[in-house]
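K.L.:
Protein chains in written order, with the working numbering: chain A, 3 to 256; chain B, 611 to 743.
1) State yes or no: is the beta carbon of residue 122(A) nearer than 8 Å to at least one beta carbon in chain B?
2) When you compare the CB of residue 247(A) with every CB in chain B, is at least one pair closer than 8 Å?
3) Can you tell me which residues form a DSSP beta bridge with residue 675(B)?
4) Is it right to say residue 22(A) is buried, meaning 16 or more other beta carbons lie within 10 angstroms of its own, or is it exposed?
5) Do you know how far the Cα of residue 120(A) is from the Cα of residue 721(B)?
6) Using only CA atoms, which one of 148(A), 89(A), 189(A) and 53(A) lies nearest to residue 123(A)?
7) With distances taken Cα to Cα, identify the nearest neighbour of residue 45(A) among 190(A), 145(A) and 24(A).
8) When Cβ atoms are compared, which residues of the stretch 668 to 684 of chain B fall closer than 9 Å to chain A?
9) Hey, residue 713(B) and residue 700(B) are a contact pair by Cβ (cut 8 Å); roughly how many whole angstroms apart?
10) How is the alpha helix (DSSP H) around residue 716(B) delimited, first residue to last?
11) Look at the alpha carbon of residue 668(B) and the alpha carbon of residue 113(A), and state the distance between them as a whole number of angstroms.
12) To test your reading of the DSSP string, which unbroken alpha helix (DSSP H) runs of 4 or more residues are found completely within the stretch 151 to 206 of chain A?
13) Does residue 13(A) come out as helix, strand or coil in the three-state DSSP assignment?
14) Residue 153(A) and residue 107(A) look like a contact to me (Cβ under 8 Å); what is the Cβ gap, rounded to whole Å?
15) Distance check for residue 695(B) and residue 671(B), CA to CA, integer angstroms please.
16) Looking at chain B, is there any beta carbon in it that lies within less than 8 Å of the beta carbon of residue 26(A)?
17) Kindly list the residues whose CB is nearer than 7 Å to the CB of residue 90(A), restricted to its own chain and excluding five residues on each side of it in sequence; keep chain order.
18) If I'm right that residue 739(B) touches residue 660(B) with Cβ under 8 Å, what's the distance once you round it to whole angstroms?
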């Protein structure tokens with residue numbers, strides 16, 4: 003498939019934006035972890051996400067997207083990142099409950115891509131993501147013991163946001179335009195089921211209850227297909243300046 | 611062992627203990643100029659590890675047509691912080707070779723780089739430098 007259909011380009015753009023902001027958040031929190039291992043893990047994950055963005059952005063460029071636009075030369079409201087990454091207000095447990103669902107959702111969307119000439123690249127990304135997701139799950143399990151109320155409250159916000167990033171439950175094999183175009187090998191509905199089942203199993207038997215999570219989100223009538231979210235919102239102007247390196251440019255030696 | 615490819619214009623290519631089978635197959639098909647380019651690349655060190663880019667099996671192929679060189683390569687780590695440095699080293703190293711007009715780098719992920727691409731001799735060099743695999 004040399005020329006991707008428009009919904010597939012938007013699908014990949016949302017993955018790239020999520021990875022770009024994930025890399026940014028990991029970097030921002032890489033010195034804030036409760037242990038040196040957490041900090042090293044965060045720095046490593048940041049580096050890998052930015053590496054993934056570098057490769058995926060070149061594929062989007064081949065589909066007509068401008069590389070500088072992809073890397074941040076645009077308004078904040080043009081980013082299609084998972085909404086749970088827009089801002090992280092809280093401490094380390096909130097950060098974990100925000101980044102983990104976004105990272106897992108982004109991987110599930112990538113893993114569903116069926117385009118043959120992307121498979122080697124996706125395999126390589128999967129090698130990195132295996133460690134991200136294992137680390138997140140292990141950390142969420144320990145935090146479910148030490149900070150269950152914070153984790154539960156955060157997940158009630160972030161899991162529906164991650165589900166909105168994946169897409170509406172009504173996008174099944176008949177109606178999901180990315181699946182019906184042949185770009186993916188499973189529908190949004192199937193990806194959602196795997197995502198929900200994973201977190202249901204992960205927290206089963208812990209002090210964290212997911213009874214308050216809206217697993218039906220998003221409302222398909224208000225869902226923004228391009229930004230893969232509902233209700234607007236965006237990263238901040240400060241985030242944008244950091245992504246663009248605006249302040250760093252002040253130190254450039256000409 | 612040396613294999614002559616005089617009839618096809620390909621270079622004499624020694625089988626090197628530090629080249630993986632995958633790399634050896636690619637180098638065997640090289641022309642004389644391409645073989646020279648492989649040798650230049652074999653002098654460029656990996657920035658993190660005391661072996662060359664060729665020994666690291668990061669260089670998948672080198673082709674030259676009318677002075678236009680294309681280096682097909684991959685990376686062990688997709689988030690390699692030295693990504694740009696390595697590409698600069700390759701371009702600056704090859705551009706000065708007689709017969710080279712321009713150098714393109716094509717980063718590929720098929721086959722996916724794995725540690726299995728490292729020969730036992732390269733592994734030994736790395737172990738001697740304190741790097742475990």
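By construction, the Cβ of each residue, glycine as well, lies at the ideal position given by its N, Cα and C atoms.
P.N.:
Looking at the coordinates:
1) At least one beta carbon of chain B lies nearer than 8 Å to the beta carbon of residue 122(A).
2) With a threshold of 8 Å between beta carbons, residue 247(A) makes no contact with chain B.
3) Beta-bridge pairing links residue 675(B) to 678(B).
4) When all chains shown are included, residue 22(A) counts as buried.
5) When rounded, the distance between both Cα atoms is 11 Å.
6) Among 148(A), 89(A), 189(A) and 53(A), the Cα nearest to that of residue 123(A) is on 53(A).
7) Answer by Cα proximity: 24(A).
8) Cβ contacts with chain A: 684.
9) Indeed, because the Cβ distance is near 7 Å, the residues count as touching under 8 Å.
10) For residue 716(B), no alpha helix (DSSP H) segment is defined; the enclosing uninterrupted segment is the beta strand (DSSP E) at 712 to 717.
11) Between the C-alpha atoms of residue 668(B) and residue 113(A) there is a straight-line separation of about 25 Å.
12) As summarised for the stretch 151 to 206 of chain A, the continuous alpha helix (DSSP H) elements at least 4 residues long and confined to that stretch are 179 to 182 and 190 to 205, given in chain order.
13) Note: residue 13(A) maps to helix in three-state DSSP.
14) About 17 Å; that fails the 8 Å criterion.
15) The alpha-carbon atoms of residue 671(B) and residue 695(B) are separated by roughly 19 Å.
16) No, its Cβ sits nowhere closer than 8 Å to a Cβ of chain B.
17) Within its own chain, the residues whose Cβ lies closer than 7 Å to the Cβ of residue 90(A), once the five positions on either side in sequence are excluded, are 27, 96, 97 and 100, listed in chain order.
18) Yes, residue 739(B) and residue 660(B) are in contact; Cβ-Cβ is about 5 Å, under 8 Å.
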